[in-house]
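Here is the structure we will look at.
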Amino acid sequence: MNIDYLDKANEQFHNKNYQAALENYDLAIRHCPSIPEAYYSRGLVKRILGNHREAVQDLSIATILNPKMVLAYYYRGVSYYEVGDFPYAIANYNHAIFLDSKLANAYYHRAIIYGELGHVSRAIKDFKYAASLAKEQKNNYLYKRAKHAQSSAKKLKGSNSYNKTLLGIFKIGLLITVVGITIGNLKYINNKLNEGEIDKTSILEHFRTNNEQL
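Under this note's numbering, think of the first position of the sequence shown as 14, with each following residue one higher.
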């Protein structure tokens, strides 16, 4: 059954056995091609393996099957950033924010792109709002990171080293953020599958709530 494949794939993902997880996500989708979470999770695996274009394809299918899947837009934005498609990355962060205005990480990562494109004022504004949301959500790590980026952006405004410094901040922060959110969501799905509760609504509600906290 596709549930068995999903269960196994999520466990393998948790154990960082990405290639095996990918194979089982393939089987799950082959047996039941209408579950958005399967495409979403496979897209995350492909991101980790560096296949960003393929990740975009899977995440796009996930958004077609469930247009309100916030994290699919968010991670698609991350993958677009990785391949240098900044306008598409911003568009996806914009839509993720439209669906969940409390998604602090989307503001933070959008600010990075604004900075690289030279839109310094927009970058500072997003860093500031990301810090405000992070403080409200008691996400101390993101709060400190956003405040530091905001301060750095102000100091480096107009400097040639601005883009390089922001990129360094982004690369370190993005790795920790993406891994943390991914593992948290897949643990939740895995628990639901083990309990026999593959309820789309409850899982998507978890995604939304989890994003408010990270």
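All residues carry an ideal CB built from backbone N, CA and C; glycine is no exception.
- Taking one beta carbon from each stretch, the region 71 to 83 and the region 121 to 129 have fewer than 3 pairs nearer than 8 Å; the two do not touch.
- Its chain contains Arg135, Ala136, Asp139 as the residues whose beta carbon lies nearer than 7 Å to that of Tyr127, once the 5 sequence neighbours on both sides are disregarded; these appear in chain order.
- Annotated as distal: Val58 and Leu72, with beta-carbon spacing of 7 Å or more.
- DSSP, reduced to helix, strand and coil, places Pro100 within a helical segment of the structure shown.
- By the beta-carbon neighbour count (other beta carbons within 10 angstroms, threshold 16), Gly131 is exposed.
- Contact between Tyr106 and Ala75 does not hold, since their C-beta atoms are separated by about 16 Å, which reaches or exceeds 8 Å.
- When C-alpha distances from Ile110 are compared across Tyr88, Lys168, Lys21, the shortest belongs to Tyr88.
- When secondary structure is reduced to three states using DSSP, Leu57 falls in the helix class.
- Ranked by Cα distance from Gln70, the first of Arg55, Lys115, Arg158 is Arg55.
- Nearest to Gly97 by alpha-carbon distance, out of Lys21, Glu129, Ser164, Lys141, is Glu129.
- Judged by their CB atoms, Ala117 and Ser92 are not nearer to each other than the 7 Å cut-off.
- Here Tyr156 is not near Ala166, since their CB atoms are 7 Å or more apart.
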